[in-house]
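2 protein chains.
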Amino acid sequence: MNTLEKIQTNLSNFSKSERKVAEVILTSPQTAIHASIATLAKMADVSEPTVNRFCRRLDTKGFPDFKLHLAQSLANGTPYVSRHVDEDDGPDSYTNKIFESSMAALDVARQSIDPMAINRAVDILTQAQHISFFGLGASSSVAHDAQNKFFRFNVPVSCFDDVLMMRMSCINASAGSVLVLFSHTGRTKALVEVARLARESNAQVISITAKDSPLARESTLAVTVEVPEDTDMFIPMASRLAHLTVIDVLATGFTLRRGPRFRENLKRVKEAIRESRFEKPSNL
Amino acid sequence: MNTLEKIQTNLSNFSKSERKVAEVILTSPQTAIHASIATLAKMADVSEPTVNRFCRRLDTKGFPDFKLHLAQSLANGTPYVSRHVDEDDGPDSYTNKIFESSMAALDVARQSIDPMAINRAVDILTQAQHISFFGLGASSSVAHDAQNKFFRFNVPVSCFDDVLMMRMSCINASAGSVLVLFSHTGRTKALVEVARLARESNAQVISITAKDSPLARESTLAVTVEVPEDTDMFIPMASRLAHLTVIDVLATGFTLRRGPRFRENLKRVKEAIRESRFEKPSNL
DNA sequence: TCTTTAATGTAGTTAATTTACGAAAATGTG
DNA sequence: CACATTTTCGTAAATTAACTACATTAAAGA
Numbered sequence: 001m002n003t004l005e006k007i008q009t010n011l012s013n014f015s016k017s018e019r020k021v022a023e024v025i026l027t028s029p030q031t032a033i034h035a036s037i038a039t040l041a042k043m044a045d046v047s048e049p050t051v052n053r054f055c056r057r058l059d060t061k062g063f064p065d066f067k068l069h070l071a072q073s074l075a076n077g078t079p080y081v082s083r084h085v086d087e088d089d090g091p092d093s094y095t096n097k098i099f100e101s102s103m104a105a106l107d108v109a110r111q112s113i114d115p116m117a118i119n120r121a122v123d124i125l126t127q128a129q130h131i132s133f134f135g136l137g138a139s140s141s142v143a144h145d146a147q148n149k150f151f152r153f154n155v156p157v158s159c160f161d162d163v164l165m166m167r168m169s170c171i172n173a174s175a176g177s178v179l180v181l182f183s184h185t186g187r188t189k190a191l192v193e194v195a196r197l198a199r200e201s202n203a204q205v206i207s208i209t210a211k212d213s214p215l216a217r218e219s220t221l222a223v224t225v226e227v228p229e230d231t232d233m234f235i236p237m238a239s240r241l242a243h244l245t246v247i248d249v250l251a252t253g254f255t256l257r258r259g260p261r262f263r264e265n266l267k268r269v270k271e272a273i274r275e276s277r278f279e280k281p282s283n284l
Numbered sequence: 001m002n003t004l005e006k007i008q009t010n011l012s013n014f015s016k017s018e019r020k021v022a023e024v025i026l027t028s029p030q031t032a033i034h035a036s037i038a039t040l041a042k043m044a045d046v047s048e049p050t051v052n053r054f055c056r057r058l059d060t061k062g063f064p065d066f067k068l069h070l071a072q073s074l075a076n077g078t079p080y081v082s083r084h085v086d087e088d089d090g091p092d093s094y095t096n097k098i099f100e101s102s103m104a105a106l107d108v109a110r111q112s113i114d115p116m117a118i119n120r121a122v123d124i125l126t127q128a129q130h131i132s133f134f135g136l137g138a139s140s141s142v143a144h145d146a147q148n149k150f151f152r153f154n155v156p157v158s159c160f161d162d163v164l165m166m167r168m169s170c171i172n173a174s175a176g177s178v179l180v181l182f183s184h185t186g187r188t189k190a191l192v193e194v195a196r197l198a199r200e201s202n203a204q205v206i207s208i209t210a211k212d213s214p215l216a217r218e219s220t221l222a223v224t225v226e227v228p229e230d231t232d233m234f235i236p237m238a239s240r241l242a243h244l245t246v247i248d249v250l251a252t253g254f255t256l257r258r259g260p261r262f263r264e265n266l267k268r269v270k271e272a273i274r275e276s277r278f279e280k281p282s283n284l
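Quick mapping for you: the protein sequence lines, in order, are chains A and B.
When the letters of the first sequence are read in order and numbered with UniProt numbering, they come out as residues 1 to 284.
When the letters of the second sequence are read in order and numbered with UniProt numbering, they come out as residues 1 to 284.
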């Protein structure tokens with residue numbers, strides 16, 4: 001709940017003087033955020049510490065912090081909010097809603113990711129002798145994408161979206177093998193089983209999945225991602241986007257770790273594709 | 001213009017030290033709004049007055065006022081700016097940059113999409129007797145994802161990431177066939193050729209690609225998407241995300257067109273997967 | 001009415017921000 | 001290339017704002 005609404009709802013819980021402060025803020029919030037604690041106290045006809053206590057009561061660190069929160073709740077220009085598609089939405093409407101929900105989901109995912117986990121994952125990946133990407137169902141395309149990306153790095157990669165192949169691959173895995181498993185829920189039995197098998201072969205298992213999930217527990221390293229999934233649609237949407245972005249992050253970390261000379265290599269890969277394309281007109 | 005964008009655009013107008021401050025703020029704006037001027041100065045390795053001058057340069061009354069503006073722009077609409085990853089960025093920094101760039105890219109893509117093209121694409125898809133998804137290279141995983149999604153709709157679908165298979169598939173295509181081609185550039189010779197072949201077989205060709213590209217011209221319907229691609233990295237990143245989101249939009253349009261009874265079907269598909277998963281603890 | 005507790009204000013303390021000024025760097029000029 | 005001028009930046013002092021501790025008052029209960 002945003003701060004302004006919070007003031008509104010808690011109005012009855014405040015003491016007499018605190019309510020005076022609340023009234024002033026609700027009447028002209030724009031003035032409030034630019035006022036000093038002294039000014040505001042005078043406007044509400046209370047003492048400065050009362051204003052301060054009022055702020056603390058709203059779970060803020062103090063007056064300046066409170067102003068920050070208030071400012072944010074005032075800037076309600078409908079940010080990236082996940083919005084549900086309605087039955088009677090037109091193309092224009094549902095297109096926007098879905099794009100906005102996707103952006104909102106990425107935002108949530110971003111905040112939930114632990115950069116240290118990313119860093120450790122990059123550590124492991126850079127030392128890998130072979131990287132395998134595994135994903136089932138909707139995550140199989142994510143795994144394919146990862147393969148495509150890391151293939152460009154001139155690292156031995158493979159990718160499976162088939163449980164039997166995964167299991168066979170695990171048996172042949174060794175200490176230098178790194179497996180990257182993608183699963184939104186982290187509860188797909190077959191995949192959790194694969195993680196266990198792989199670890200029995202001393203391979204390293206990195207999972208991109210949900211926090212505290214069976215898969216996360218079964219992995220050497222879990223990069224946990226929180227994604228708000230719109231369950232109305234019964235189709236995973238946002239989680240793929242988040243996982244793909246995690247791939248981008250890992251790939252970026254990988255290239256950074258390898259240094260500038262390595263990037264020359266990427267350039268050459270890209271140039272190798274060029275001749276398969278039609279030239280762009282003149283302006284470039 | 002919001003404060004964060006303003007910092008981004010004026011980056012070149014700042015002096016050396018002010019730019020250091022700008023970098024710190026752009027890297028972690030959330031930290032910045034909660035920091036004191038002293039902390040921020042230390043983070044940017046400049047003096048406190050420099051931070052203050054930086055604030056004034058952005059038409060604010062001073063540091064506290066600046067924080068207020070920044071807080072608002074963080075809460076507001078599109079605070080995300082596409083930013084390049086630096087050589088010496090840490091995991092925290094590049095993770096944020098990439099997520100933010102992705103969000104910014106989706107925002108640009110959203111604005112560039114013509115809802116009427118979406119609508120027509122949905123028209124065509126709902127009437128299809130068979131849908132094939134084609135993509136090469138980085139787009140092959142996009143095509144796979146589309147297949148996975150539309151497969152749930154109980155529509156005959158196929159997916160190819162191999163040119164020969166695509167061509168064979170085109171020969172066998174008929175009037176009821178719909179091909180969906182994914183290509184960021186729209187300049188991949190092989191794919192443009194496939195589009196032509198398909199149309200010769202009277203199949204409908206929908207392309208998700210760049211505006212005014214050879215592929216767009218060769219298609220029955222082009223859903224054109226503009227994506228700001230960070231060419232520094234030599235790896236396609238944002239375009240896949242945008243294309244996947246377009247898939248989501250098309251799939252959504254598809255289900256809406258089919259009506260509520262159709263969505264019951266999706267629910268059943270989802271429930272069919274359930275038993276392959278570990279139960280979630282008790283709280284749900 | 002007295003006691004106890006909660007609420008509020010006063011005054012002092014601490015912390016943060018801003019200003020004034022001077023040094024250093026950068027830029028332009030003879 | 002030396003010198004002058006302007007811009008940039010930092011140090012230190014001054015100012016302002018915010019917070020704490022404590023005293024006082026009001027309210028509630030016995």
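All residues carry an ideal CB built from backbone N, CA and C; glycine is no exception.
Do you know whose CA, among B:F14, B:E193, B:H84 and B:S183, lies nearest D56 (chain B)'s CA? Looking at the sequence itself, residue 56 (chain B) is Arg, so the reference to Asp does not match. Of the residues B:F14, B:E193, B:H84 and B:S183, the one whose Cα lies closest to the Cα of R56 (chain B) is B:F14.
Chain A contact for G253 (chain B) (CB, 9 angstroms cutoff): It does; some Cβ of chain A falls within 9 angstroms.
Less than 7 angstroms between C-beta atoms, sequence neighbours within five positions excluded: which residues of the same chain meet that for I124 (chain B)? The residues are V178, Q204, I206 and L221.
Inter-residue spacing [alpha-carbon to alpha-carbon] between T50 (chain A) and G90 (chain B): Cα-Cα distance, rounded: 43 angstroms.
How many angstroms separate the CA atom of F133 (chain A) from the CA atom of S158 (chain B)? Here the alpha carbons of S158 (chain B) and F133 (chain A) stand approximately 22 angstroms from one another.
Suppose the cutoff is 7 angstroms on Cβ atoms and the five residues either side in sequence are ignored; what does the same chain contact list for D161 (chain B) look like? The beta carbon of D161 (chain B) sits closer than 7 angstroms to those of G135, L136, S140 and A143, all from its chain and outside the five residues before and after it, given in chain order.
State the DSSP-derived secondary structure class of S183 (chain A), mapped to helix, strand or coil. Of the three classes helix, strand and coil, the one that applies to S183 (chain A) here is coil, per DSSP.
Pick from B:A44, B:F151, B:Q8 and B:I33: whose alpha carbon is nearest that of Q129 (chain B)? Closest in alpha carbon position to Q129 (chain B), among B:A44, B:F151, B:Q8 and B:I33, is B:F151.
Answer yes if the region 166-183 of chain A comes into contact with the region 111-119 of chain A, meaning at least three C-beta pairs across the two stretches below 8 angstroms, and no otherwise. Contact fails between the region 111-119 of chain A and the region 166-183 of chain A, because fewer than three Cβ pairs, one in each stretch, are under 8 angstroms apart.
I33 (chain A): which of B:A104, B:K6, B:H69 and B:D45 sits nearest, CA to CA? Among B:A104, B:K6, B:H69 and B:D45, the Cα nearest to that of I33 (chain A) belongs to B:H69.
Considering only C-alpha positions, which residue in the set B:P115, B:I98 and B:S102 is nearest to P115 (chain A)? When B:P115, B:I98 and B:S102 are compared, the shortest CA-CA separation from P115 (chain A) is found for B:I98.
Figure out for me which residue from B:K20, B:S47, B:G62 and B:A71 has the closest Cα to the Cα of L4 (chain B). Checked all of B:K20, B:S47, B:G62 and B:A71; the closest Cα to L4 (chain B) is B:A71.
Return the residues of the region 178-193 of chain A that lie within a Cβ-Cβ distance of less than 8 angstroms from chain B, sorted by chain order. Of all residues in the region 178-193 of chain A, only T185, R187, T188, K189, A190 and V192 place a beta-carbon less than 8 angstroms from a beta-carbon of chain B.
Continuous alpha helix (DSSP H) assignments of at least 4 residues falling wholly in the region 49-128 of chain B: Listed in chain order, they are 63-75, 91-112 and 115-126.
Taking a contact to mean a Cβ-Cβ separation below 9 angstroms, would you say S102 (chain A) touches D145 (chain B) in this structure? Going by C-beta atoms, S102 (chain A) is not nearer than 9 angstroms to D145 (chain B).
Going by the DSSP bridge assignment, what does C159 (chain A) pair with across the sheet? C159 (chain A) pairs with A:F133.
H184 (chain A) burial status per 10 Å Cβ neighbour count (16 or more: buried): Flag for H184 (chain A) reads buried.
Looking at chain A, is there any beta carbon in it that lies within less than 9 angstroms of the beta carbon of E229 (chain B)? Taking 9 angstroms as the CB threshold, E229 (chain B) stays off the interface with chain A.
Beta carbon of E226 (chain B) nearer than 9 angstroms to that of A104 (chain B): Taking a C-beta distance under 9 angstroms as the contact criterion, E226 (chain B) and A104 (chain B) do not qualify as a contact pair.
At a CB-CB cut-off below 7 angstroms, which residues of chain B make contact with A71 (chain A)? Ordered by position in chain B, the residues that pass the 7 angstroms Cβ test against A71 (chain A) are L68, A71 and Q72.
Quick check on this structure: which residue in A:I208, A:M168 and A:S213 has the alpha carbon closest to the alpha carbon of S201 (chain A)? The candidate whose alpha carbon is nearest that of S201 (chain A) is A:M168.
Throw me the rounded Cβ distance for the I7 (chain B) and L58 (chain B) pair, which I believe falls under 8 angstroms. The Cβ separation is near 7 angstroms, so the contact holds.
Using a Cβ cut-off of 9 angstroms (strictly closer), state whether P49 (chain A) contacts chain B. Chain B, which has no Cβ nearer than 9 angstroms to the Cβ of P49 (chain A), makes this no.
Can you tell which of B:E18, B:E23 and B:P29 has the C-alpha that lies nearest to the C-alpha of E48 (chain B)? Closest option to E48 (chain B), Cα to Cα, is B:E18.
Out of curiosity, what's the CA-to-CA distance linking Q147 (chain B) and L26 (chain B)? Q147 (chain B) and L26 (chain B): Cα-Cα distance of roughly 39 angstroms.
Spatial neighbours of N10 (chain A) within its chain, please: CB distance less than 7 angstroms, with the 5 preceding and 5 following residues excluded, ordered by chain position. Excluding sequence neighbours, N10 (chain A) sits near nothing in its chain.
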